[in-house]
Structure formats: structure tokens, C-alpha cells
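K.L.:
Residues in the sequence shown are numbered consecutively from 0, following numbering that gives the first Met the number 0. Idealized CB from N, CA, C, for every residue including glycine. Mind having a look at this structure? Questions to follow.
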Amino acid sequence: MTSQLPVQVFIEAGRKRVFASALDWPGWSRSGRTEELAVEALADYLPRYSAVVRRAGLAGPVAEFTIVEREPGVARNADFGALGSAATSEHRPMTGAEGRRLAALLEAAWAELAQAAADAPAVLPKGPRGGGRDRDAIIAHVVESEVVYARKMGIRLPRPRPEGDAETATLRSAVVAAIEQGAAGTPAVPNGWPPRYAVRRIGWHVLDHAWELRDKSGPATG
């Protein structure tokens, strides 16, 4: 089963790189050298993202896109390979039903990362100059980032030890609870993130690294 509504896309354009994000589908964000290539990459990743949606038990999106907003000016984070701005629509209040749907997709993204890590070898292929993290370092990086992201939601908990232990589960449960209950469109803390943007940013980071693990593990595990 699929949703028949076009996918609403938010564009963040830097000087050298552009991100396209599916606003109602957290984690589904891709980049390219131009806006056209970024949207094309988003479409290319639909099969991968659909697997995440199935994990969440939801109807999947269709491969039909409509750009509803572009970040004004230069998106500086985009050139460094990251999302960086909330769309105007992400400042809307979020109902409990919307929060539960978004939380389900985020939990499915974490499950996808856990499976990708379980399938990946400990040592991953490096770039042409020897760059890149190995499996455990990628997982540690994701968890460490989530401590910072959670603070942007008003959640302050101790830094967890490696992914999979109780402290990480506690942190992620707190993030899910904050999303599931629904929320006002304003950040919970000064200079924080509105909830809709928080779940999009966290989901993107999780899946970007899950797909990195898949790609570096080779066809046998991808």
C-alpha cells in the first residue's frame, strides 16, 4: 500500500551542494550538485526508504515530488554535507497522531541502522586517501550526535556508552516520547529545534550512516 499524495520537498542549497528533504518522511533526504540532481537522488533512494517505512508499518510514499519551499539565501551546512535549517512548515504545531507517525519512522530508522551494523564487517573500506570510519566508530558517532540533537529538543541526559547499551536506549526513548506526545511548533529550549525539524534531522543522520554501512559492506549484505 502507498500514500497517493505527492511528496513535499524542502530544498537547502549551498554554493556547491544542494539537499532535498521529504518533509513528511523523516530520514529521506539526499544531496546533489544541483537542485535537480538532489531531487533525482531522493527518487533513487525511494526503494531503500520504502524498506524503512515498511518497518514502521506505514503506507509508503509515491515517486512524485513537489517542491514546496526553498531555504532563502545560502544554506551553509549543505556545503559541509549536512542539513541545517527548519522549513517554515516545520514550525507548525504537531498533533499526537502526527507525532506517533513520525516517531514510528524514526524508530524504524534506528532499527535499519542496527541491522546494517549487524551485517557490516568491523573494518570498512577506506577512501582513496585512507579516510572514513570503521563500523563501531560510525555507530559511536551517531550516538554522540544524538546527545547534542536531544539537547536541541530540551532533553539532557548523560552521554551514552557505545550504541546498544541501556543509556542509549534511555536517550532514544526520551526522544521518542517527546515526539509522540505532539508539541507546539516552537522549540522547547532557546535556540533549539522545532520538533518536526528535530525528527527530520535525526532521521537523516541515522539513515545516512545506515546506508553508508550498507554501501561499504558490499552486495552480500546490502
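On a CA-only basis, which of A21, R213, G26 and S20 is nearest V122? Give me that one, please.
P.N.:
Start at 1 with the first residue of the sequence shown, and residue 122 comes out as number 123. Here the closest residue by C-alpha is R213.
K.L.:
Which value, in whole angstroms, describes the spacing of the CA atoms of R199 and A86?
P.N.:
Working through the sequence shown from its first residue, we reach residue 199 at position 200. Working through the sequence shown from its first residue, we reach residue 86 at position 87. Each residue's alpha carbon lies about 11 Å from the other.
K.L.:
In the DSSP output, what is V8 paired with across the bridge?
P.N.:
Here residue 8 corresponds to residue number 9 of the sequence shown, with the count starting at 1. For V8, which the question treats as bridged, DSSP gives the partners A21 and I66.
K.L.:
Would you grab the beta carbon distance between G56 and A103 for me? Rounded to a whole angstrom, and I think it's under 8 Å.
P.N.:
Locating residue 56 in the sequence shown gives position 57, counting from the first residue. Locating residue 103 in the sequence shown gives position 104, counting from the first residue. 7 Å between Cβ atoms; contact.
K.L.:
When you compare only the Cα positions, how much space is there between T33 and R16?
P.N.:
Within the sequence shown, numbered from 1, the residue matching residue 33 stands at position 34. Within the sequence shown, numbered from 1, the residue matching residue 16 stands at position 17. Rounded to the nearest angstrom, the two C-alpha atoms are 7 Å apart.
K.L.:
Nearest-angstrom Cα distance between A209 and Q7?
P.N.:
Translated into positions along the sequence shown, residue 209 becomes position 210. Translated into positions along the sequence shown, residue 7 becomes position 8. The alpha-carbon atoms of A209 and Q7 are separated by roughly 23 Å.
K.L.:
Report yes if the CB atom of A110 is closer than 8 Å to the CB atom of A149, and no otherwise.
P.N.:
Indexing the sequence shown from 1 puts residue 110 at position 111. Indexing the sequence shown from 1 puts residue 149 at position 150. Taking 8 Å as the Cβ cut-off, A110 and A149 do not qualify as a contacting pair.
K.L.:
For a test of the three-state rule: what should DSSP assign to A182, helix, strand or coil?
P.N.:
Residue numbering aside, residue 182 sits at position 183 when the sequence shown is read from its first letter. Strand.
K.L.:
My understanding is that A182 touches G126, with C-beta atoms under 8 Å, so please give their C-beta distance in whole angstroms.
P.N.:
Numbered from 1 along the sequence shown, position 183 holds the residue referred to as residue 182. Numbered from 1 along the sequence shown, position 127 holds the residue referred to as residue 126. With 8 Å as the limit, A182 and G126 do not qualify as a contact, their Cβ atoms being about 40 Å apart.
K.L.:
Assess contact between the stretch 40-50 and the stretch 68-87, defined as three or more Cβ pairs (one per stretch) separated by less than 8 Å. Is contact present?
P.N.:
Touching, no, given that fewer than three Cβ pairs across the two stretches are closer than 8 Å.
K.L.:
Look up E26 in the DSSP assignment and give the residues it is bridged to.
P.N.:
Reading the sequence shown from its first residue, position 27 is the one you call residue 26. The sequence as given places Gly at residue 26; Glu does not occur at that position. Answer is none; G26 lacks a bridge partner.
K.L.:
Could you name the residues of the same chain whose beta carbon sits closer than 7 Å to that of V188, not counting the 5 residues immediately before and after it, in chain order?
P.N.:
Reading the sequence shown from its first residue, position 189 is the one you call residue 188. Counting only Cβ-Cβ distances below 7 Å, and skipping sequence neighbours, we find G153.
K.L.:
Roughly how far, in whole angstroms, is the beta-carbon of A108 from the beta-carbon of L206, given that I think they are within contact range, below 8 Å?
P.N.:
Counted from its first residue, the sequence shown places residue 108 at position 109. Counted from its first residue, the sequence shown places residue 206 at position 207. Right, their Cβ atoms sit about 5 Å apart.
K.L.:
Would you mind stating whether G131 and D78 have Cβ atoms separated by less than 8 Å?
P.N.:
In the sequence shown, counting from the first residue as 1, residue 131 sits at position 132. In the sequence shown, counting from the first residue as 1, residue 78 sits at position 79. Their beta carbons are not under 8 Å apart, which means G131 does not touch D78 by this criterion.
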